[in-house]
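Residue numbers (this note's numbering), protein chains in the order written: chain A, 25 to 221; chain B, 37 to 411. C-beta: ideal position from N, C-alpha, C; glycine also.
Structural data, given as C-alpha cells:
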C-alpha cells in the first residue's frame, strides 16, 4: 500500500509542477490583433508625431519584449556585456525601436490590415503574417511572437517585406562590436537616441 | 487601385532614365577594375577569436588563413580585450590586484624566462623600477578571470539559440566597402537634395489616384520582364497567370490605368519575377555587394540581372527604336519620376533611426532580395 501512496504523491506533485499547457497560435493572433488595434487607435487620434511616440510607449512596452529584441540584435557578443552594459543597451534600444515603430505612422493616416492565419514556428513561437495597405501601397508585414510564460505573448520581431527589424540592427551592431566591443555598441546606441533626428 | 512594390524595387532608381544608361556603362568598367584589385589584395586577419558560452576561443589559422566555410561570427581579439580587462577589474576578487592584463605579445614574452638585463650587469645596484612594478602573473584561466566568466555563464545560460538566431540574416560579401561607402555618400546627397524635393513637388501636384494610374500603366508595360523570367524559372503556371493579369488590366483596365486584376484573388498577389531572381534560381550566388551611382544597392548578380531586365523592358525597345530624344524622354520619365516618391519613402524607412545607414541599407537590400527569391 505504501509504495502506491508514494507513487500517487509523486504523480500529483509532478502534475502540480508541470507548466501550463502551451498557448496556441490562435491566442497569439488575438493578442496581436488587440495590440495593433490599440496602436492604430492611438495613431488615429494623435495630433503630431511627438505625441504619438509618447502615447505609444506604454502600449509598446507592454506588448513587445525589448529584452529579447536587444539580446538578439546584439548576438553572441551579448555574453561579454556586463550587467550594467546590458541594461543600458536595452534602455537605449527600447527608445530606438519605439521611435522607429512610431515613425512609420503619419498621424491621421490609418493602415488597413488583413490578418492571415498564425503559423507555429517552434515551441512557444508563432508568426502572424499580415497584409497592410498604407498610403496607397501594399506591404507584407509579419509579426513574430513568443510565449513569455507568466507574461503571456510578446512581439519579438517585425518583418516588413522580408526585412527583419532585428536582423537589420544585428548587422549594424556586429560592426560596432567588432570595432570596439560592448562599449562601442552602447555608445553608438546612446548617440543614435540622444539628438532629435 | 493598389500599388505593390517590393522593397528592392523601391530602393534603387531605375535605369530607364537617359542619365542612367551612360552612368551604368562607366560604373561597370570601374567596378571590374576595382573588383580585381580588391579581391586580389585582401589582407589575412590574425588574432581572431569566436565567442562561446565559456568566453572567447581563438580561431586557429589553416595554412595562414582563416578556416573556409565557417558559420561562426568572428571577432578581432584586440577589439574584445578592453572589455575582458574591465570585466576582470569589476570582479570582487580582482580588487586586490589591479594590474593590466598584458597584450598577446606580452603574454608570449611572459612565458619565456626574462633575458638578463644589460643594465643590471653594469650596475650592481638593484633596479628600483623593477621592484616597484607589480608582479604580473598571466594565466588564461586565472582565478580572477573565472569569477566573471562563471557569472556571465550563469546569466547567459540558455541563451545560445537566442543569440545565434540572426547570425546569417542580411549578410553579403563587401570587398569594395570603402568605394561603396563613397558612392553611397554621393547617392545620399542626390537623394536628399535632388530627388526628395522633386518627389515632394510631384506628390503635391498630382493627387494619389493619378500617381497610382501612372504607376499601374508602367507596371503593366513591364509584363515581358515578369513573363519571360517566370518561364526561365520554369514556373509555367505563374507565367500563365501573369499573361491573364496583363490581358485583364490592358483590356478591362483601359490600357492598364486601372488595376482590375486586384479583384481576382489569384491575380492580386502574384509575386514579381526579374532576371536577378532567375539567376539565383539557377544557383548563382549574390557575389560582392555594389552600390551603383544613382541606382543604389545591388549585388553583382543583380547588377547583371538589371541588364537582363533592361533588355526585356518594352520601354527600352521604344527608346532605342530610332525615336527622337524628346520622345524618349517623354516615355522614360513618367515611370522614373513616379516611382521616385515611393523609393524615397522606402529609403527613409530603411535608413532612418539606423546606427550605420550604409550597413542598414545593405542588410535591408539582401534580406529583401532573399525574400523575393524565396517566393
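* **7 angstroms Cβ cutoff, residue 403 of chain B in contact with chain A** => yes
* Asked: When we look at the beta-carbon of residue 290 of chain B and count the other beta-carbons within 10 Å, is it buried (16 or more) or exposed?
  -> exposed
* Asked: Is the number of C-beta pairs between the stretch 131-146 of chain A and the stretch 64-78 of chain A that are closer than 8 angstroms three or more?
  -> yes
* **Partners in chain A for residue 206 of chain B, counting only beta-carbon separations shorter than 7 angstroms** => 191, 192 and 195
* Output the boundary residues of the beta strand (DSSP E) element that contains residue 327 of chain B. => 325-328
* To do: Kindly say whether residue 278 of chain B, judged by its beta-carbon, lies nearer than 7 angstroms to any beta-carbon of chain A.
  => no
* Counterpart residues of residue 221 of chain B in DSSP-defined beta bridges -> Residue 221 of chain B pairs with nothing; no bridge assigned.
* Burial state of residue 177 of chain A, where buried means 16 or more other Cβ atoms lie within 10 Å -> buried
* Using a Cβ cut-off of 7 angstroms, pull out every chain A residue sitting near residue 378 of chain B, in sequence order please. => 161
* For residue 270 of chain B, which option in B:236, B:205, B:317 and B:201 has the closest C-alpha, if you only look at C-alpha atoms? -> B:317
* Under the three-state reduction of DSSP, which class applies to residue 148 of chain B: helix, strand or coil? -> No answer about residue 148 of chain B holds up, because its pLDDT of 43 lies below 50 and its placement is not dependable.
* Reduced DSSP category for residue 89 of chain A - H, G, I as helix; E, B as strand; rest coil -> coil
* Look up residue 136 of chain A in the DSSP assignment and give the residues it is bridged to. => A:157
* Pull up the distance between the alpha-carbon of residue 166 of chain B and that of residue 83 of chain B, whole angstroms please. => Note that residue 166 of chain B has pLDDT 39, beneath the 50 cutoff, so the model's placement of it is unreliable and no number is given.
* Classify residue 318 of chain B as helix, strand or coil using the three-state DSSP reduction. => coil
* **Contact residues within the stretch 72-85 of chain A, judged by C-beta distance below 8 angstroms to chain B** => none
* Where residue 200 of chain A meets chain B, residues with beta-carbon distance less than 7 angstroms -> 391
* Since residue 395 of chain B meets chain A, which of its residues come closer than 9 angstroms, beta carbon to beta carbon? -> 192, 195, 196, 198 and 199
* To do: Determine the chain B residues that contact residue 124 of chain A at a beta-carbon separation under 8 angstroms, and present them in chain order.
  => 388 and 389
* Would you check if the distance between the CB atom of residue 212 of chain A and the CB atom of residue 205 of chain B is smaller than 7 angstroms? => no
* To do: Write down the C-beta distance between residue 52 of chain A and residue 169 of chain A rounded to the nearest angstrom, noting that I regard them as a contact closer than 8 angstroms.
  => 5 angstroms
* **Cβ shell of residue 208 of chain A (< 7 angstroms), same chain only, five flanking positions each side left out** => 200 and 201
* To do: Please classify residue 221 of chain B: is it buried, with 16 or more other beta-carbons within 10 angstroms of its beta-carbon, or exposed?
  => exposed
* Asked: Is the number of C-beta pairs between the stretch 76-96 of chain A and the stretch 199-218 of chain B that are closer than 8 angstroms three or more?
  -> yes
* Is residue 407 of chain B close to chain A, meaning its C-beta is less than 7 angstroms from at least one C-beta of that chain? -> yes
* Asked: Do residue 253 of chain B and residue 292 of chain B have their CB atoms nearer than 7 angstroms?
  -> yes
* To do: Apply the 10 Å Cβ neighbour rule to residue 72 of chain A and answer buried if 16 or more other Cβ atoms are within range, or exposed otherwise.
  => exposed
* Please classify residue 106 of chain A: does DSSP put it in a helix, a strand, or coil? => coil
* To do: Would you kindly report the start and end of the unbroken beta strand (DSSP E) that includes residue 355 of chain B?
  => No beta strand (DSSP E) contains residue 355 of chain B, which is instead part of the alpha helix (DSSP H) from 350-355.
* Against chain B: residues of the stretch 101-119 of chain A by CB proximity under 7 angstroms -> 101, 102, 103, 104 and 106
* Please classify residue 208 of chain B: does DSSP put it in a helix, a strand, or coil? => coil
* **Anticipated Cβ contact below 8 angstroms, residue 59 of chain A with residue 172 of chain A, distance rounded** => That pair is no contact at about 14 angstroms.
* Every unbroken beta strand (DSSP E) within the stretch 41-82 of chain A, with a cutoff of 3 residues, ordered by chain -> none
* Asked: Near residue 257 of chain B, which residues of its chain fall below 6 angstroms by C-beta distance, leaving aside the five closest residues on each side in sequence?
  -> 350
* Kindly list, in the order they appear in chain B, the residues whose Cβ is closer than 8 angstroms to that of residue 127 of chain A. => 388 and 389
* Where do the ends of the beta strand (DSSP E) carrying residue 333 of chain B lie? -> 332-335
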